[in-house]
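> Shown below is the structure under consideration.
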Amino acid sequence: MPVLQLIGGSVIFLQRLAAGSRLVAPLLALYLAWLILVAGSLAFTRPLLRWPLLAAKTAACLTLGLAWEPALPTALFLLPSLGLEAASLLASAGRQATGSRASPAGPAGPPPRRQGWAVAWALVLAAPAAWLPRGWVPGSLLPAFLGAWAVTVYVAVMANRQRLARSDAAERRRALERAVAVAESRQASQARASSGQETLTRLEERERLAQNLHDQLGHTITGSIMQLEAAGLLLTDDPTRATLIIDRASDTLREGLAAIRLSLKAIKPECSTLGRQRLQAQLDDFSARHGLATELVLEGDAAAVTAAVWQAAEENLREALTNLLRHSSASRFSCRISVLNRVCKIEFRDDGQLSGPLPVPGMGLEGIEARTRHAGGNLIVDTSRGFSLIMLFAKGGPEDGHTHSDRG
């Protein structure tokens, strides 16, 4: 509709200009209004702005009919044009209102009160034209016409750029969504593949271990059983030979047991590696759950730390973290393991302050001290800088057979 109005207005303007009619200036003013309204129709698509534009255009047409002699071609063009535009706006408002009811997030059309105000303003703007003298012609509007034309072109270009920018942004958003979906799909596929690979690795390791045990333990025990059965048959008739066979069977069993121990030692992780990983896992889990910064520091030869000390450190760390949540306002926790010449020192330290005197029985310190002594160490409590638990163990102290591997 704005394009048809622009073409029709141009034709009428040229006809009046060629005829030399005194309606040239009013038509030029109306044409100026048309250009601005066309630019507004192109740039602003919200119903709340289009209704005032329709009111202004209606006022311009009524002013033309009241102030000057009517021109039939102008009236035949303007009146149907305004009617069609009003019908179009009403239909658009109805569609948007229906869409807004179907979708709460959708845009709503102008309310009936605002539509009524648009018509009222059109009448108010057109009313003063009834008191204008007939044949009144305003001054030259050519500069204003040229300025309006420039504004129209500028607004139309900017509106087109905005539409292109919105279209480009929407396309980039869709491309980004597709890329994110592809990345998530690949990540899920990689996670499934990684999980399957880990399962396959564990199964292959079990198969290898079972095969080694079968090859070494099976052959050793089978051969030893046969030797012992033969010795049993010769025990009465030839005791000397039976004794020799029994000795060989014993040697075979010892060799088989040594081979089995060697195989198990090759696949069993070192005590220091397993202990360090378990402490780090506890700290990482605590940090992820409660948002406190944690760190694990290892100084010296960790291989010199016995299994009993690692076990005590793991259990005491669990108790220390629990006490940290109950009794301290700390924001940072550190676990430092220092292996010195004769002593292994394990320190749990946080930067919090106790709210009162040290309540030893209620903080689980008795359990920490008992586990430390059971592993051959002593416990020291230090509150000079935050709160610190220091466990001192003699290097190469007593081994506890209850190791990490035994606990599964």
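Residue numbers (the numbering used here): 2 to 409. Ideal placement from N, C-alpha and C gives every residue a C-beta, glycine not left out. Just so we're clear, the structure is a prediction, and the values are computed from it rather than from any experiment.
Look up D383 in the DSSP assignment and give the residues it is bridged to.
The partner list for D383 (beta bridge, DSSP) reads S389.
> Alpha carbon to alpha carbon, what distance is there between A182 and R337?
Computed Cα separation, rounded: 44 Å.
> Which partner residues does R337 have in the DSSP bridge list?
DSSP, once it has assigned bridges, lists V298 and E348 as partnering R337.
> Measure the CB-CB distance between L366 and I381 and report whether it falls below 8 Å.
No, the pair does not count as a contact, with Cβ atoms beyond the cut-off.
> Which runs of the alpha helix (DSSP H) at least 4 residues long sit entirely within the segment 255-331? Give them in chain order.
Counting whole runs of 4 or more residues, the segment 255-331 contains the alpha helix (DSSP H) stretches 272-291 and 308-328.
> Report buried or exposed for L390, applying the criterion of at least 16 other Cβ atoms within 10 angstroms of its Cβ.
That one is buried.
> Tell me whether the segment 281-293 and the segment 254-265 touch, counting them as touching only if at least three CB pairs, one residue from each stretch, are closer than 8 Å.
Short answer: they don't touch.
> Which one of F388, A305, R319 and A313 has the shortest CA to CA distance from K396?
Closest by alpha carbon: A305.
> Any chance the segment 235-246 sits against the segment 272-283, with 3 or more Cβ pairs inside 8 Å?
Judged by Cβ distances under 8 Å, the segment 235-246 makes no contact with the segment 272-283, as fewer than three pairs qualify.
> Helix, strand or coil for G219, going by three-state DSSP, please let me know.
In the structure shown, G219 sits in a helix (DSSP, three-state: H, G or I).
> Anyone know if the C-beta pair for A1 and L322 falls short of 8 Å?
A query on residue 1 cannot be resolved here, the shown segment of the chain reaching from 2 to 409 and no further.
> So, at 8 Å on beta carbons, what are the nonlocal neighbours of D285 in its own chain, with the 5 sequence-adjacent residues on each side left out?
T295, listed in sequence order.
> Could you name the residues of the same chain whose beta carbon sits closer than 7 Å to that of R249, not counting the 5 residues immediately before and after it, in chain order?
Hits under 7 Å: Q228.
> So, helix, strand or coil for G365, using DSSP?
Of the three classes helix, strand and coil, the one that applies to G365 here is coil, per DSSP.
> For G378, name the three-state secondary structure that DSSP assigns.
G378: strand per DSSP, three-state reduction.
> Out of S264, L210 and N317, state which residue places its alpha-carbon closest to the alpha-carbon of E370.
Residue N317 is the option with its Cα nearest to E370.
> Closest to T253 by CA distance: which of N342, F287, A243 and Q217 is it?
Looking at the Cα atoms, Q217 is the closest of the given residues.
> If we ignore side chains and look at the alpha-carbon of each, how far apart do L265 and I222 end up?
C-alpha separation (whole angstroms): 18 Å.
> Who are A395's beta bridge partners in DSSP?
Looking at the DSSP assignment, A395 forms a beta bridge with V344.
> For I268 and E300, what's the separation of their Cα atoms in angstroms?
Looking at the two C-alpha atoms, the distance is approximately 26 Å.
> Out of curiosity, what's the CA-to-CA distance linking A243 and G368?
The straight-line gap from Cα to Cα measures roughly 57 Å.
> Per DSSP, what kind of secondary structure is G353 in: helix, strand or coil?
In this structure, G353 counts as coil in the three-state DSSP scheme.
> Can you tell me which of D351, G353 and I347 puts its alpha carbon nearest to the alpha carbon of A379?
It should be pointed out that residue 379 corresponds to Asn in this sequence rather than to Ala. Nearest option by C-alpha distance: I347.
> In three-state terms, what does DSSP make of D238?
In the structure shown, D238 sits in coil (DSSP, three-state: anything other than H, G, I, E or B).
> If we count the other Cβ atoms within 10 Å of its Cβ and call it buried at 16 or more, is D239 buried or exposed?
Counting Cβ neighbours within 10 Å, D239 comes out exposed, since fewer than 16 surround it.
> Have a look at A44 and A180 and give me their C-alpha separation to the nearest angstrom.
The predicted model places A44 with a pLDDT of 42, which falls under 50 and marks its position as unreliable, so this point remains unresolved.
> Answer with buried or exposed for S186, where buried requires no fewer than 16 other C-beta atoms within 10 angstroms of its C-beta.
Classification for S186: exposed.
> Give the single residue among F334, D302, H328 and T200 whose Cα lies nearest to the Cα of L341.
The shortest C-alpha separation from L341 is found at D302.
> For S190, I'd like the list of residues in its chain whose CB is within less than 8 Å of its CB, leaving aside the five on either flank, ordered along the chain.
Nothing listed; no residue qualifies.
> So, under 8 Å CB-CB, G387 and D351 are touching, yes? Tell me the CB distance rounded to an integer number of Å.
Going by Cβ atoms, the distance from G387 to D351 rounds to 5 Å, so yes, they are a contact pair.
> What would DSSP say about E70, mapped onto helix, strand or coil?
Caution applies to E70, whose pLDDT of 46 falls short of 50 and renders its modelled position unreliable; the model cannot decide the point.
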